[in-house]
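Engineer: Going line by line, the protein sequences match chains A and B.
The first sequence: position 68 = 68 (our numbering), numbered continuously.
Each position in the second sequence, counted from 1, maps to that position plus 306 in our numbering.
There are 2 protein chains.
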Amino acid sequence: MEQKILGIDIGGSYVKYGVFSLEGTLLKRSAERTPRELNGEDALKTIAAFAKSMVDPSEVAGVGIGVPAPVTDGKVGKIANLRWEALNVDETFKRFFGGNMPVVVENDASLAAFGEYTHGAFKEEPYVFITLGTGVGGGIVIGGELLRGAAGEIGHTTVVQEGEQCGCGKRGCLEAYAGTAAMKAFAKTLIDEGETTVLKDKRINARNILDAAKAGDAVALKVVERAADALAQAVANVSALLNPSSCIFGGGVAEAGEFLFEKINERLDRYLFFGNKKPILKKACLGNDAGITGAMEMVRHVQSDS
Amino acid sequence: MEQKILGIDIGGSYVKYGVFSLEGTLLKRSAERTPRELNGEDALKTIAAFAKSMVDPSEVAGVGIGVPAPVTDGKVGKIANLRWEALNVDETFKRFFGGNMPVVVENDASLAAFGEYTHGAFKEEPYVFITLGTGVGGGIVIGGELLRGAAGEIGHTTVVQEGEQCGCGKRGCLEAYAGTAAMKAFAKTLIDEGETTVLKDKRINARNILDAAKAGDAVALKVVERAADALAQAVANVSALLNPSSCIFGGGVAEAGEFLFEKINERLDRYLFFGNKKPILKKACLGNDAGITGAMEMVRHVQSDS
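1) By alpha-carbon positions, which one of B:ASP507, B:VAL541, B:LEU344 ends up nearest to GLY443 of chain B?
2) Between ALA456 of chain B and the rest of its own chain, which residues show a CB-CB distance below 6 Å, the 5 nearest in sequence each way excluded?
3) Cβ closer than 9 Å: which chain B residues qualify as neighbours of GLY12 of chain A?
4) Output, in chain order, the set of chain A residues within a Cβ distance shorter than 7 Å of PRO376 of chain B.
5) Less than 7 Å between CB atoms is the rule here; does GLN233 of chain A satisfy it with respect to chain B?
6) Find out if the Cβ-Cβ distance for the pair ALA48 of chain A, PHE96 of chain A is shorter than 7 Å.
7) Determine whether the beta carbon atoms of LEU592 of chain B and GLY449 of chain B lie at a separation below 7 Å.
8) Going by C-alpha distance, which of B:ILE510, B:GLY330, B:GLY317 is nearest ILE385 of chain B?
9) Would you verify that the beta carbon of ILE448 of chain B is, or is not, closer than 7 Å to some beta carbon of chain A?
10) Under DSSP, the beta strand (DSSP E) around ARG83 of chain A begins and ends at which residues?
11) Can you list, in chain order, the residues of its chain whose CB lies under 7 Å from that of ARG311 of chain A, leaving out five sequence neighbours each side?
12) Which residues mark the beginning and the end of the alpha helix (DSSP H) in which LEU417 of chain B is found?
13) Hey, out of B:VAL369, B:GLY404, B:GLU343, whose CA is closest to GLY330 of chain B's CA?
14) Tell me whether the beta-carbon of THR34 of chain A lies closer than 7 Å to the beta-carbon of VAL15 of chain A.
15) Along the chain, where does the beta strand (DSSP E) containing ARG33 of chain A start, and where does it finish?
16) Please classify ARG573 of chain B as buried or exposed, where buried requires at least 16 other C-beta atoms within 10 Å of its C-beta.
17) Does the beta carbon of HIS301 of chain A come closer than 7 Å to any beta carbon on chain B?
18) At the 7 Å Cβ level, is GLU470 of chain B part of the contact set with chain A, yes or no?
19) Quick one: Cα of THR503 of chain B to Cα of ALA521 of chain B, how far?
20) Give a yes or no on whether 7 Å exceeds the smallest Cβ distance from THR440 of chain B to chain A.
21) Among A:ALA230, A:ALA43, A:ARG148, A:TYR271, which residue has its Cα nearest to the Cα of PHE93 of chain A?
22) Are the C-beta of GLU153 of chain A and some C-beta of chain B separated by less than 7 Å?
23) Pop quiz: LEU241 of chain A and ILE446 of chain B are said to be a contact at Cβ under 8 Å. What is the actual Cβ separation, rounded to whole angstroms?
24) Within 7 Å (strictly less), CB to CB, does GLY475 of chain B reach chain A?
25) Tell me where the beta strand (DSSP E) around SER359 of chain B begins and ends.
26) Looking only at its chain, what residues have a beta carbon closer than 7 Å to the beta carbon of PRO585 of chain B, apart from the 5 residues adjacent to it on each side?
27) Measure the alpha-carbon distance for TYR177 of chain A versus ARG270 of chain A and round it to whole angstroms.
28) Does any CB atom of chain B fall closer than 7 Å to the CB of LEU221 of chain A?
29) Please state whether DSSP places GLY291 of chain A in a helix, a strand or coil.
30) Return helix, strand or coil for GLU451 of chain B, following the three-state DSSP convention.
31) Can a CB atom of chain B be found closer than 7 Å to the CB of THR157 of chain A?
32) By how many angstroms is the C-alpha of LEU27 of chain A removed from the C-alpha of PHE259 of chain A?
33) Please report the straight-line C-alpha distance between GLU347 of chain B and GLY372 of chain B, rounded to a whole angstrom.
34) So, using beta-carbon positions, are GLY167 of chain A and GLY251 of chain A closer together than 7 Å?
35) List the residues of chain A that VAL466 of chain B touches, going by C-beta distances under 9 Å, in chain order.
36) Distance cutoff 7 Å, beta carbons only. Does TYR577 of chain B sit that close to anything in chain A?
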């Protein structure tokens with residue numbers, strides 16, 4: 001009975017599951033809709049039950065879990081996008097899953113960063129990873145170690161004093177300009193103000209905004225350029241602090257790739273300290289597997305330390 | 307003939323020299339006015355000559371040099387506050403000093419950070435060090451390693467889009483609000499606008515501004531609170547990225563200590579991400595010796611690696 005590692009990536013829309021060998025090979029993967037209607041405890045019960053249908057807990061040497069919130073010592077507070085109150089994720093999962101294996105819990109974007117760092121194409125350090133989705137997350141690896149806890153939260157660095165309201169409660173965060181929720185809201189505001197745009201007759205989502213911007217639509221361009229400007233400022237601030245040679249972008253919006261990178265690049269000079277080299281913006285490699293891969297590698301990493 | 311390590315800290319006003327034992331004990335220190343009228347090569351000639359008067363180059367196992375500019379592989383570009391053009395500091399110093407010892411060159415604030423990290427009272431990691439002087443510098447230590455090159459430059463993170471002009475060439479840097487040069491300029495602007503203040507009859511410098519603010523002078527308070535607000539934003543941004551448990555403040559203005567820290571603390575809540583613990587603001591320990599101590603420790607560190 002060969003031992004396995006289980007990686008679980010709990011997102012706002014989907015929970016992704018991966019069963020890996022101890023050497024890190026992905027043996028089996030699955031994804032289920034996130035049980036958004038449930039509270040944290042019941043959600044983890046459902047997630048543990050599904051995980052048990054994939055792999056026998058007695059075969060599992062360790063579990064890594066990514067959650068869409070800052071994590072401190074396996075605990076999360078209230079999660080805005082889910083009906084979760086403060087919870088010990090590690091203990092709660094273990095109670096439902098059974099077994100006595102170590103359970104490592106970390107922020108989803110930080111685990112995705114660690115997955116991309118360990119299995120992606122780029123290995124430069126300091127390794128700076130930014131996810132562009134509904135929100136803006138991130139993770140940082142230095143000296144082979146993921147900065148754990150509430151670190152790498154580039155989406156919640158302030159780019160505008162007294163700026164737009166962010167979902168986290170404070171104002172002017174990068175996420176309030178460059179997250180897809182913020183981009184959609186800004187597009188709607190511009191449309192409500194009566195500006196002419198092809199978006200008027202379309203579903204307002206990130207893909208349509210980016211496609212319209214590429215085609216030269218003035219409203220869509222305004223939205224993308226405001227996001228790119230905030231991203232340029234935040235990336236330049238990370239450069240001043242850490243001086244990375246590149247920044248790796250994951251998440252749905254990063255799929256827009258070159259077009260978005262060009263827009264950020266155009267604005268980087270305005271914010272970059274003269275001592276820094278312009279970081280090269282690169283698209284991540286692992287797509288939806290980044291989170292489960294990072295969860296698995298964090299289990300291996302923690303086990304090799306102990 | 308016991309071997310020594312020479313630490314040199316080249317500042318805008320003074321060059322500080324320390325002769326240390328190989329174990330890191332300070333045996334001799336000195337300070338001379340920075341030869342501001344000279345170009346980089348001639349200045350290093352003068353500095354090397356003074357160093358030779360303190361210690362015989364044949365006794366020196368290694369030299370560490372801090373310069374007030376970002377450093378890449380021993381090289382600096384133009385230094386705004388000095389008449390230095392692009393220069394290989396390591397090779398140029400060695401040519402004048404003689405001998406065949408390793409010469410390590412690094413940014414002055416980064417070396418001060420490393421000095422405080424290795425010899426100061428606080429050892430938490432990530433170690434975040436901020437110097438408050440004419441400019442605002444900094445240094446970061448993670449995993450026992452100083453982030454080298456143009457890193458730790460918290461003074462040149464952008465806090466205000468299209469904000470005040472900074473000496474570095476870009477706009478809205480922390481330094482353009484919290485450096486003493488910026489604070490003095492802002493105080494003068496307020497006086498020129500006719501605001502009533504006790505500063506009108508005093509020399510406008512950082513100490514007088516801070517003293518007047520403590521005594522409740524409205525203009526001085528405006529200056530200090532603008533600086534504290536920018537510092538709070540920048541510290542919160544560092545927290546979101548690195549999640550340090552504390553930030554260590556060095557440099558002349560940090561001597562104002564508690565009063566300034568209280569002002570920053572009052573504003574931190576506005577900018578801090580809810581996942582982060584409020585970092586504790588602490589005053590550094592080594593004062594003027596931080597730079598030479600860090601220069602010496604960097605020599606020891608580089609030698610132990612090779």
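Note that beta-carbon positions come from the ideal geometry of N, C-alpha and C, so glycine has one too.
As the structure is a prediction and not an experimental result, all values here were calculated from the model.
Structural biologist: On the basis of the coordinates in this document:
1) B:VAL541
2) PRO376
3) Neighbours of GLY12 of chain A on chain B: none; closest Cβ ~17 Å, over 9 Å.
4) GLY275
5) yes
6) yes
7) no
8) B:GLY317
9) yes
10) ARG83 of chain A -> no beta strand (DSSP E), and no H or E assigned at all.
11) The question about residue 311 of chain A has no answer here: the residues shown for chain A are numbered 1 through 306.
12) 414–425
13) B:VAL369
14) yes
15) 26–33
16) buried
17) no
18) no
19) 11 Å
20) no
21) A:ALA43
22) yes
23) 7 Å
24) yes
25) First-last for SER359 of chain B: 346–360, but that is the alpha helix (DSSP H), not the beta strand (DSSP E).
26) VAL541, SER545, PRO550, SER551, SER552, CYS553
27) 18 Å
28) no
29) helix
30) strand
31) yes
32) 35 Å
33) 15 Å
34) no
35) VAL160, GLN161
36) yes
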